[in-house]
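Numbering (our numbering), first residue to last: 197 to 1032.
#1: Would you kindly report the start and end of the unbroken beta strand (DSSP E) that includes residue 269?
#2: Measure the Cβ-Cβ separation of residue 276 and residue 320 and say whether it is below 9 Å.
#3: Which residue marks the beginning of the beta strand (DSSP E) containing residue 554, and which one marks its end?
#4: Does the count of Cβ pairs from the segment 638 to 647 and the segment 616 to 624 closer than 8 Å reach three?
#5: Looking only at its own chain, which residues have a Cβ that is under 7 Å from the Cβ of residue 752, when we skip the five neighbours before and after it?
#6: In three-state terms, what does DSSP make of residue 805?
#7: Rounded to whole angstroms, what is the Cα-Cα separation between residue 918 and residue 992?
#8: Can you tell me which of the three DSSP states residue 739 falls into?
#9: According to DSSP, is residue 884 part of a helix, a strand, or is it coil?
#10: My parser needs the alpha helix (DSSP H) runs of 4 or more residues fully inside the segment 345 to 390; what are they?
#11: Please determine if the segment 573 to 591 and the segment 534 to 545 are in contact, where contact requires at least 3 C-beta pairs separated by less than 8 Å.
#12: Where does residue 509 fall in DSSP's three states?
#13: So the candidates are 258, 449 and 579; which of them puts its Cα closest to the Cα of residue 489?
#14: Residue 970: buried (16+ other C-beta within 10 angstroms of its C-beta) or exposed?
#15: From the DSSP output, in three-state form, read off residue 851 for me.
#16: Assign residue 1032 to one of three DSSP states: helix, strand, or coil.
#17: State the Cα-Cα distance for the pair residue 372 and residue 355, rounded to the nearest angstrom.
#18: Quick check on residue 233: buried or exposed, where buried means 16 or more other Cβ atoms within 10 Å of its Cβ?
#19: Around the C-beta of residue 516, are 16 or more other C-beta atoms found within 10 angstroms, so that it is buried, or is it exposed?
#20: For residue 1014, which residues in the same chain have their Cβ closer than 8 Å to its Cβ, ignoring the five residues on either side in sequence?
#21: Classify residue 769 as buried or exposed, calling it buried when 16 or more other Cβ atoms lie within 10 Å of its own Cβ.
#22: Run through the DSSP bridge pairs and tell me what residue 1045 is partnered with.
#23: Give me, in chain order, the residues of the same chain whose beta-carbon lies closer than 8 Å to that of residue 549; leave out the 5 immediate sequence neighbours on both sides.
#24: Considering residue 480, what are the terminal residues of the alpha helix (DSSP H) in which it resides?
#25: Please state whether DSSP places residue 325 in a helix, a strand or coil.
#26: Here's a check: name, in chain order, each residue in its chain whose Cβ is nearer than 8 Å to the Cβ of residue 1024, leaving out the five neighbours to either side.
#27: By how many angstroms is the C-alpha of residue 417 removed from the C-alpha of residue 781?
#28: In its own chain, which residues sit with a C-beta less than 6 Å from the C-beta of residue 669, not counting the 5 before and 5 after it?
#29: Tell me the residue span of the alpha helix (DSSP H) that contains residue 457.
#30: Can you look up residue 606 in the DSSP assignment and give me helix, strand or coil?
#31: In whole angstroms, what separates the C-alpha of residue 428 from that of residue 499?
#32: Only counting the same chain, and skipping five residues up and downstream in sequence, which positions put a Cβ closer than 7 Å to that of residue 463?
#33: For residue 461, tell me which candidate among 972, 312, 790 and 430 has the shortest Cα-Cα distance.
#34: Buried or exposed: residue 945, going by 16 or more other Cβ atoms within 10 Å of its Cβ?
#35: Mind checking residue 201: buried by the 16 CB within 10 Å criterion, or exposed?
#36: Counting only beta-carbon separations shorter than 9 Å, does residue 813 have a partner in chain B?
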């Protein structure tokens, strides 16, 4: 077959009758050749699925082991051994401050990785053997069937469209997917025939078609219509009820998770109990006896996220969301034990997936569960319902307890209240309503913020999430509500959050397990996000001025930054520091835009002479703000050598993510940052995202989470494969028409948002890495870059960045010393200091 040429029958149909006849022949031919093809297709599908799954499992486990610095050895066959060349002191985390010797603290993880890789190798070997047998039999004429011919039955490109695991060059292109969509759309008037054709293609084939269509930028749902939607709902429903969820289930559920008709049918046919049973089953497939199957873990995570988002869609269209909340409340609190964690975890994952639940549903469900928890007067309510559910996206750790027993140390999803708080991540109206509510159902006054911040445990040792869900709920109620919610309440709640942390940080009698009080480790990324949402206020406070929306003092902010820098996860600091650099960039843009509005014909020399001092002052100011921020947070307990390395790493990531004010290589992609960011900064900047909007903040959080931690972010690091963020100042001046065209025309490119400097060139050395250039073109590009690099405009912009960098270096050292002194104070002295 010529896979590159579509059959004539794929062109515009003459009539619906011709389409119906054509598809009837297709069905007849498919049935006619089913016998000779069935064994071959089954063998190919099975082998491809097994090998693909094995490859994903092995790669994930191998990358995980290598990422921890471990050595992976292959003694022979499918045997795998993992060793730690520099084993740490043998301690298990346990309660905070309590340690019990157990051997290597991550032996369970090491064994799990080794078993996953070994099983993947065995599965791949077995799949190859079985496929070889099938193909040998086919070649020998061992399968007999009807008289139909493949060419008569299947259009040439259909095999690629319904297949998976292909190399990029073999995948169907956009034109092929559009022809397939048009081909299916011809059957709009023949719903039964359309369903029959789709059913014969099978759920795996249709799932692959959706994946290929997404890669090609084609939406298949309109082409499949109601018959396709209903058939896929039947498949997904069957998989959930039979506890047979797999990757194809997730692809199909993911494709329709925001379809109101699909989700209505699904949730009216699948009960909460059946959802919980399916979730429990997937949890058991991924996590069992201290071992982790990475491929099943991925399926489990995708299922929770797609299911949670589908539920959110269902709530938005439900005629009585309050009654629906009551139904789910009873299922969570009165149903089988697994319901408590399974259903609330799915809701949390929906929130993390970006889903907004209907306000009355989310508020009433969370409010009812909160009142139910409080009504037990401190007695445990979630522990008795523990069935061992794990959050697949958490840092999951097991510790050995002898005789093959393992105990989950972190990653438990048992705390239903914490899960529901996390579910409000993108439901700001529900989150605000929840924290505004000042009474219990029995009429007693109640302070929910205080209960969660100071009185309740979120400890991993108590099978909770270390403050992750509470942080997400506060994010939603504060920065998530700045655009459309009660802004005054959001400001007050943010102020109270910062002030409470500053007031209680290090207090000896208020922490859990008899230790000093500190914020929960998984809460701090949300703390950074809240700060990023108020980046203009934080910037002003850090430079010594007062805020606009916040009444936060610099001393309180310094204590909060110290809390944010505690622990291994520094993503909150990374997010805040990147947003502060963006705020500095934004202020440069405003100053420049204001001048150019009054002087539309200004030249580069005019800008330099008239407002060059102001622009330099802003960059110097930004350097100082960033230096103070990092010095007060992540550099407190480091010696001089460590501090220098960490300073460079955090500076590099902040500048790169924020289109920084000094040139330098980055690892964050424009596309990644702008994905879903509807409100890009409304000034001259073309690649800067406004973190004062919920979409912009989400985009920056995604960029932070999708790039290496700052501790491993080194200057000169190789690009991850995506385009680097362009330099803000250079593009600002370029967009303003201040740079001579003949100077920059060869080193800039045209984009949908305007002309920018080439994002693949930061230094002359980068030109050597650009593929597809002839030597003559490469030489010309080098010469053009050299001319730019030696020009007065380039030196001027470099001087602007240098001013900020010098101030950064000076201030970060001073701030780190001040923060060290502050951390060494006892609690009473620290409180006296903040009140001075």
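Note that beta-carbon positions come from the ideal geometry of N, C-alpha and C, so glycine has one too.
With the given structure in hand:
#1: 267 to 272
#2: no
#3: Unbroken run through residue 554: none, as it is neither H nor E.
#4: No: the two stretches stay apart, fewer than three of their Cβ pairs being nearer than 8 Å.
#5: 694, 695, 698 and 1030
#6: Of the three classes helix, strand and coil, the one that applies to residue 805 here is helix, per DSSP.
#7: Low confidence applies to residue 918: its pLDDT is 26, below 50, so where it sits in the model is not reliable enough to give any reading.
#8: coil
#9: At residue 884, the pLDDT of 40 sits below 50, so the modelled position is not reliable; the number obtained from the coordinates is stated separately. The three-state reading of DSSP puts residue 884 in coil, since its state is none of H, G, I, E or B.
#10: 346 to 349, 354 to 357 and 370 to 381
#11: yes
#12: In the three-state reduction of the DSSP assignment, residue 509 falls in the helix class.
#13: 258
#14: exposed
#15: Note that residue 851 scores a pLDDT of 49, beneath 50, so its modelled location is shaky; the value from the coordinates is reported in the next line. Note: residue 851 maps to helix in three-state DSSP.
#16: DSSP places residue 1032 in coil when its eight states are reduced to three.
#17: Each residue's Cα considered, the two are about 11 Å apart.
#18: Note on residue 233: pLDDT 45, under 50, position unreliable in the model; the coordinate value appears next. Answer is buried; the Cβ neighbour count reaches 16.
#19: exposed
#20: 754, 827 and 828
#21: buried
#22: Since the first residue shown for the chain is 197 and the last is 1032, residue 1045 is missing from the structure and cannot be characterised.
#23: 501, 502, 504 and 505
#24: Secondary structure note for residue 480: its alpha helix (DSSP H) is the uninterrupted segment 468 to 482.
#25: helix
#26: none
#27: 42 Å
#28: 617, 620 and 627
#29: 456 to 465
#30: Residue 606 falls in the strand class under three-state DSSP.
#31: 15 Å
#32: 507 and 510
#33: Nearest of 972, 312, 790 and 430 to residue 461, Cα basis: 430.
#34: exposed
#35: Caution is warranted here: a pLDDT of 36 is assigned to residue 201, below 50, making its placement in the model unreliable, and no coordinate value can be reported.
#36: The structure shown contains no chain B, having only a single protein chain.
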